[in-house]
Structure formats: C-alpha cells, structure tokens
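Here's the structure, in structure tokens; my notes come after.
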Amino acid sequence: MLKFIIKGILRDKNRSVLPVMVVSIGVFLTVALSAWMRGIFGDMTDLNANFDSGHVKVMTCAYNENKSQIPNDLALLGVEEFQKQFEADYPEIEWAHRINFGGLLDVPDENGETRAQGTMVGKAVDLLSPDSKEIDRMNLRKALSAKNASRLPQKQGEVLISQDFADRFGVKIGDDVTLFGSTMYGSMMFSNYTVCGTIKFGNAVLDRGALILDIRDARMAMDMEDATGEMLGFFKEGEYEDVQAKAIQASFNAKYTQADDEYSPTMVILTDDSTIGMYLQMANSIGGIMVFVLILILSVVLWNTGLLGTIRRYSEFGVRLALGERKVHIYKSLLGEAVVIGIIGSVLGTAMGLWLAYYLQETGIDFSALMNNVTMMIPSVYKAKITPETFYIGFIPGLFAVVLGNALAGRAIFKRQTSQLFRELEV
Amino acid sequence: MKNITLIISLIFSLTAFSQTAEEIIKKVDKNLTADNMVMASSMTIHGKRNSRTLTSIAYTVGDEKAFQEYLSPARDKGTKMLKLEDKLWIYSPSTDRTIQIAGHMLRQSMMGSDMSYEDMMEDRELHEMYTSEILAKEGMNGREVYVIELKAIVDDVAYHSQKLWVDCERFVPLQQDQFAKSGQLLKRVSFSDVRRVDDRWYPFSIVYKDMLKQGDGTEMNITSIKFDQEIKEYMFTKAALKQ
Numbered sequence: 407m408l409k410f411i412i413k414g415i416l417r418d419k420n421r422s423v424l425p426v427m428v429v430s431i432g433v434f435l436t437v438a439l440s441a442w443m444r445g446i447f448g449d450m451t452d453l454n455a456n457f458d459s460g461h462v463k464v465m466t467c468a469y470n471e472n473k474s475q476i477p478n479d480l481a482l483l484g485v486e487e488f489q490k491q492f493e494a495d496y497p498e499i500e501w502a503h504r505i506n507f508g509g510l511l512d513v514p515d516e517n518g519e520t521r522a523q524g525t526m527v528g529k530a531v532d533l534l535s536p537d538s539k540e541i542d543r544m545n546l547r548k549a550l551s552a553k554n555a556s557r558l559p560q561k562q563g564e565v566l567i568s569q570d571f572a573d574r575f576g577v578k579i580g581d582d583v584t585l586f587g588s589t590m591y592g593s594m595m596f597s598n599y600t601v602c603g604t605i606k607f608g609n610a611v612l613d614r615g616a617l618i619l620d621i622r623d624a625r626m627a628m629d630m631e632d633a634t635g636e637m638l639g640f641f642k643e644g645e646y647e648d649v650q651a652k653a654i655q656a657s658f659n660a661k662y663t664q665a666d667d668e669y670s671p672t673m674v675i676l677t678d679d680s681t682i683g684m685y686l687q688m689a690n691s692i693g694g695i696m697v698f699v700l701i702l703i704l705s706v707v708l709w710n711t712g713l714l715g716t717i718r719r720y721s722e723f724g725v726r727l728a729l730g731e732r733k734v735h736i737y738k739s740l741l742g743e744a745v746v747i748g749i750i751g752s753v754l755g756t757a758m759g760l761w762l763a764y765y766l767q768e769t770g771i772d773f774s775a776l777m778n779n780v781t782m783m784i785p786s787v788y789k790a791k792i793t794p795e796t797f798y799i800g801f802i803p804g805l806f807a808v809v810l811g812n813a814l815a816g817r818a819i820f821k822r823q824t825s826q827l828f829r830e831l832e833v
Numbered sequence: 096m097k098n099i100t101l102i103i104s105l106i107f108s109l110t111a112f113s114q115t116a117e118e119i120i121k122k123v124d125k126n127l128t129a130d131n132m133v134m135a136s137s138m139t140i141h142g143k144r145n146s147r148t149l150t151s152i153a154y155t156v157g158d159e160k161a162f163q164e165y166l167s168p169a170r171d172k173g174t175k176m177l178k179l180e181d182k183l184w185i186y187s188p189s190t191d192r193t194i195q196i197a198g199h200m201l202r203q204s205m206m207g208s209d210m211s212y213e214d215m216m217e218d219r220e221l222h223e224m225y226t227s228e229i230l231a232k233e234g235m236n237g238r239e240v241y242v243i244e245l246k247a248i249v250d251d252v253a254y255h256s257q258k259l260w261v262d263c264e265r266f267v268p269l270q271q272d273q274f275a276k277s278g279q280l281l282k283r284v285s286f287s288d289v290r291r292v293d294d295r296w297y298p299f300s301i302v303y304k305d306m307l308k309q310g311d312g313t314e315m316n317i318t319s320i321k322f323d324q325e326i327k328e329y330m331f332t333k334a335a336l337k338q
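Here the protein sequences line up with chains A and B, keeping their order. For what it's worth, the numbering used here labels the leading residue of the first sequence as 407, then goes sequentially. For what it's worth, the numbering used here labels the leading residue of the second sequence as 96, then goes sequentially.
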C-alpha cells in the first residue's frame, strides 16, 4: 500500500508538487519564525535576569517597596552572614551581590576642574574574584569596544564606561574620571577611577550612560561595607524554573521576612515582574501559537489544493470504484498520500527553516537604529534560538494540515454513486 | 445696624493688617539677609535608619557669593562649596577634585539632607521674587503671627508659591510651607529659638522637612552668627577651595 502511494506521488507530479511546496513553505515559516520568536523572548528574559532581576532576588522589604528609586540607604546589611545561610538553605542557587546607583560622572581638565560631566547609571558587580561569573553573565567581554584598547578591569580603581558616554564627552582609555553621588548614609561621595574600557551592550537603556565597576570599589566609595543593594540568585542549572523558583520564594519569605522589620530580607522571583512573566510565557508558548496559526492557514490552502486534486482525479476515482475498490479504501489511500506528502514537505520545510534559524541565531537582525528612544530593557539585535523543539515543531502543522485538507476534500469520494459511474465516465 | 457691623469689621481689619504684606516681607528680609554674614552651624540629618550630624562654617556676601566648609564628621571634613551667582562648585579633599554642579543636579539632596543645593544657594530677598498677600492673623507657638501667601513673580525660583507664618512683633517666620506649581506641598521649614543679634531677630534653630521623603527631617542649629564682618575677597575664588 505504502509502496503504491509513494509510486503514485513520484510518478504523478501534479499530485505532489503543489501540496509539497505549500507544506514546505508553511513548515519553513513555522520553524524559522518560532525559533526567532523564542530567541527574542528568551533574550529579553535573559537580559533582564542577568542585568537586573536574577532568577530570584533578595532585598530588604523597604528597598523592595522603593526599588524604582534605587534606595541604597535601605540596603541589606550583614550580607556575608546572609550569604552563608542562603547557600546552606538553597544549594541549587548561586548568589551574586549587586549595587545599583545613580550619580554624576565628571571628566576633569588638566587643572582638575570640570571639563565635561553627565549623569550615569552605575552597576557594581564582582569583576575581580577569580571564580566570579558576573563577567560572563553581563556579557562584558563581548560588550567591550573594538574601537580602542578596551579591556576588563584588572584591579580596583578601574572602571568601564559606555561607548556612548565616552564618545559624547571625549573620554579615552586611561583617562581619569570622578564619580559624584551619595553614600549609603547620605554623605557626599567622590571617587576617582581610571577608565580601562568602553562598552556597548546593544541595549539603548544600558548604552546611554552606564558605568560598571567592581563591587569592592563601590562598597568603599558608598560606605557599604558588608552591605549590598540586591543579592541576585541564579539557578546553577542555568535555566529559570518557575515552579522551583516559586517554591523557594515561599520558603524563603516564610523563614526570613518579618512583617515588623522593614529591613528584613525578602525574595522576589523573575516572573514577579509582569513584563518578564509575559516574555517567559511567550517564549514557552510561541511554538504552540505558531503551530495553531499555521495549521489553520495551511489547512484552508491544502483543502483547496485537495479539492483541485480531487476534481482532477475524478475519473481515476471513478475507475477505481468501477473496478470494485471500496470508497473507504480509496479515502484511506488519499489520507496515506497526505501523510507521505506531509512528511516530504515537513522534511524539506524543516531543513530550510533550520538553515534560516541558524543564520538568525548566529547573526540576528540589528534593530538598534530604531531604538534610540526605547526605555525598556530589550536587546537591539534580535537573534533566533534553536532548541530540540525546532527540529520537530514543523511536522505538526505539516502533517496535520495536509491530512486535514485532504480529509475534507476527499469526502467527495463518498458522494459518488456506482450506478452513475459509467455515465460520468462517458464509457 | 448692618452698616455699623460692616464699619466695625472694616476698622478691625484695617487695624489688624495695619501693615501691608509687602512691608512685612521686607521686614522679614531685613532680619534674615545681610550684606555679609559668617555663620557656624551644625546640621543633623534624621534618616530612616540613622541620624548624623555635620558641622560647618559659612561665609556669605550679599546674595551672590557664598563659601562653606564642612568641619566634621571625618568623612566630610574639608569638603568645601563655593557659590558665585548661579554657579556652584564642590571641592572634595579625598579626590582633590573640584566639581561644578549644574542643571537638574542642583535639585538633588545636599549631603542626604532635606535641603537641595538649590535651597542652599537661594539668598535673594523674598520681596524680589514674590508678591505677597496677608491671609489671616492667628496664633502659633504662643506667638501672634501673620499668615502670608507668596506668589512667584520671577521664573527662576525653586518654589512657585509659599505660605509664611510671620511673627507679628519680631518679623521672623515661624513656619514656611513651599509649594510646587501644581499646589503640592514640597517642603516645610520650621523656625524656633529666635534670638536678638545686633539690631535684628534671627532664628537659631531651623528644621527642614522634605514632604516627599520619609524621615524626620533635617535640623539646623546655629552655633554662632556674625553680621557685617570683613570677609576677604580671595575666599570667593576657586583657588580658595583647595586651600
């Protein structure tokens, strides 16, 4: 039976070429777009997790309530002791201390007076510990500018500034800059640093006025010894697990958060931010959405293709019925043909889709020119992400739509009357 | 009978507000501003978590020149500020840098206090910046006060309108509410410990409260104040900051 169907498909090009093309194009779109959309939403989530929210984040309750103001005066104190406790309680999580702050970056002239200055958003992370993963998390090596002799900080007192800031104020590698802001206790904070590199993240928000420095420098400057604004937790497995994160959050807050102490630690998780929650949901469900839409569109197209095929093969079905073949058997063979066409089209479409998805994964499409005024933390280069799902997702609409289309079109077989056959065939 | 009541009310009002609002504000200005002034003070900032006290000495000439040096605590000792007209420079001894503060940074909190740099820099007389109107006469802290509303007549003021409770006898404000253009109360300044210094009355204790911030405000206590002193012109140069 299968051999008969395959021979029929190969020998009768009219029966196979158009449906295979339609299925291939549909599957190609499903595979490429689902991988690209998954990549986009995944990148948005990872960017937010790595730069801002972690998979879980611990702050004081008071800091959490006012977090939009980056209130370092409400920072978590005694973090070394807390870290030991958290590591013992949640061994599946690794912790990173972060201090975010705002201030003024002042560029001196040869007399030590203000030559240029601009507001900046500072981020203090552990850049200098040998076992720190922060450089990779923030993709700092890749973000280093290739235009100059940029390098990562190798000792305290060295900082990275955004390429945009450096260009705007004529700051060069090796120049000294002064950070002006306030300490955790409200005193004036002045600190001199040497610029060792300029960075461009490809994110409009981060690229406008970012300053990255080692957390030891920030602690010294801001009077935050054994304190941190935020403790970010990342699953050691690498991927965010919402169910696990929710369970950890419930247990953490039950143990550490005290209603009568606004400086007690509290935990929030990645999906507590509704936007990131939506990104994650989209990343996870985008394949399903694409499959549903493509099945709908392809089914209608293939139904029409099937109808055309059925009309064209009107005589063939008549002869087969006249020779005594049962209607159900012909209908089944038609569905069998659909399965074979679906598989051929899906294989071709998946191959083409994977090729494009791979290209988009490696290169991406740069939308930075359109994002000058974007204030959300989203990437400017949109890349695809190939996952195991990418290899099979195209087969679902590819097979289902062609079978559904043929099943609907093939109903005409059952309307044929044996008594009318010879008149229809004009024998 | 109605007319008699009206006449009595009118006479009472005229007696009560026998001075115009502008005259009162000019008297307030005369008390609070001087050709030059040397003032030592302590400022206690009550934060959410802790309180800290800074001491400083300030030299002021008119409304255009001011120089302030912080004397304690150790972290802030030697920090100096120089104001020349509408420009402000801050010198930090730890970095040996002089930084000019401009634009919206002037609206930031000064030393974590409830005062902004803009508040600190504002030395102009009230009657030059605001029109005034007496709203009422009432009691406050055991003193009789005029309640005066001020409305800005110049664009470059930090507060669009203010409400002042001015001691009827000493012409020193006991409370000052400062409002945004929207009418929102931004800051409340309370004055107390009013003492006689030479030929004027001056409040020696001032509490600033930023109404948009948590905390108990910033308390400033004047330890000494001298008017009409000889202040060397050199003090108001950027070179003096590094000395």
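Glycine included, every Cβ here is placed at the ideal spot set by N, Cα and C.
Item, Value
"Nearest candidate by alpha-carbon position, reference GLN270(B), set SER277(B), LYS282(B), GLY278(B) and LYS276(B)", "LYS282(B)"
"Contacting positions in the region 510-529 of chain A - beta carbon closer than 9 Å to chain B", "LEU510, ASP512, PRO514, ASN517, GLY518, GLU519, THR520, GLN523 and THR525"
"Assigned secondary structure, LYS791(A) (DSSP; H/G/I helix, E/B strand, else coil)", "coil"
"DSSP beta-bridge partners of MET132(B)", "THR155(B) and PHE322(B)"
"First and last residue of the uninterrupted alpha helix (DSSP H) at PHE348(A)", "Since the first residue shown for chain A is 407 and the last is 833, residue 348(A) is missing from the structure and cannot be characterised."
"Which of helix, strand or coil DSSP assigns to GLY207(B)", "coil"
"Residue-chain proximity (MET315(B), chain A), Cβ-Cβ < 8 Å", "no"
"Between the CA atoms of TYR669(A) and THR110(B) - distance to the nearest angstrom", "Residue placement at THR110(B) cannot be trusted, given a pLDDT of 47 that sits under 50; what the coordinates show is reported in the next sentence. Near 56 Å, if we compare the C-alpha coordinates of TYR669(A) and THR110(B)."
"Residue burial classification, HIS199(B) (beta-carbon count within 10 angstroms, cutoff 16)", "exposed"
"Cβ separation of ALA790(A) and GLN767(A), assumed to be a contact under 8 Å, to the nearest whole Å", "5 Å"
"Cβ-based burial, ILE692(A) [other Cβ within 10 Å; buried from 16]", "buried"
"C-beta contact flag for LEU533(A) and LEU558(A) at 8 Å", "yes"
"GLY237(B) to ASP262(B) span [Cα, whole Å]", "10 Å"
"Cβ of ARG192(B) within 8 Å of any chain A Cβ", "yes"
"For ASP251(B) and LEU101(B), the rounded distance between their alpha carbons", "Per-residue confidence for LEU101(B) stands at a pLDDT of 49, beneath the threshold of 50, marking its modelled position as unreliable; the derived number appears in the next sentence. Using only the alpha carbons, I get a separation of about 42 Å."
"DSSP three-state assignment for MET96(B), whether helix, strand or coil", "Bear in mind that the predicted position of MET96(B) carries a pLDDT of just 49, short of 50, making it too unreliable to give a figure here."
"ALA502(A) (DSSP reduced to helix, strand or coil)", "strand"
"Cα-Cα separation, THR226(B) to ALA135(B)", "32 Å"
"Rounded separation between ILE695(A) and TYR685(A) - CA only", "14 Å"
"Terminal residues of the alpha helix (DSSP H) in which ILE618(A) lies", "Looking at the DSSP string, ILE618(A) is not in any alpha helix (DSSP H); the run it does join, the beta strand (DSSP E), is 616-620."
"Unbroken alpha helix (DSSP H) run spanning THR436(A), endpoints", "419-454"
"First and last residue of the uninterrupted beta strand (DSSP E) at MET235(B)", "225-235"
"Nearest to PHE492(A) (by Cα), restricted to the options THR589(A), THR677(A) and ILE654(A)", "ILE654(A)"
"Test: VAL594(A) CB closer than 8 Å to a CB of chain B", "In the sequence on display, residue 594(A) carries Met and not Val. By this cut-off, MET594(A) is an interface position."
"Uninterrupted alpha helix (DSSP H) stretches inside the region 658-708 of chain A (no shorter than 4 residues)", "none"
"Cross-chain neighbours of LEU836(A) in chain B, by beta carbon under 9 Å", "With chain A covering 407 to 833 only, the question about residue 836(A) has no answer from this structure."
"Extent of the continuous beta strand (DSSP E) run through LYS578(A)", "Unbroken run through LYS578(A): none, as it is neither H nor E."
"Distance cut-off 7 Å: ALA247(B) Cβ against heavy atoms of the ligand MG", "Although the ligand MG was asked about, the structure shown includes no ligands whatsoever."
"Cβ-based contacts, 7 Å cut-off: residues of the region 577-601 of chain A near chain B", "THR584, PHE586, SER588, TYR591, GLY592, SER593, MET594, PHE596, SER597 and ASN598"
"Interfacial residues, the region 122-142 of chain B to chain A, with Cβ spacing under 9 Å", "ILE140 and GLY142"
"Within-8 Å CB hit, GLN163(B) to chain A", "no"
"C-alpha distance - GLU159(B) paired with LEU179(B), whole-angstrom precision", "6 Å"
"6 Å CB neighbourhood of GLU220(B) in its chain, flanking five on each side removed", "ASP124 and THR128"
"Distance between MET526(A) and PHE571(A) (C-alpha atoms, nearest Å)", "9 Å"
"Complete runs of the beta strand (DSSP E) confined to the region 501-575 of chain A [at least 3 residues]", "520-531 and 564-568"
"Member of ARG521(A), ASN420(A) and ILE682(A) whose CA lies at the smallest distance from the CA of ILE446(A)", "ILE682(A)"
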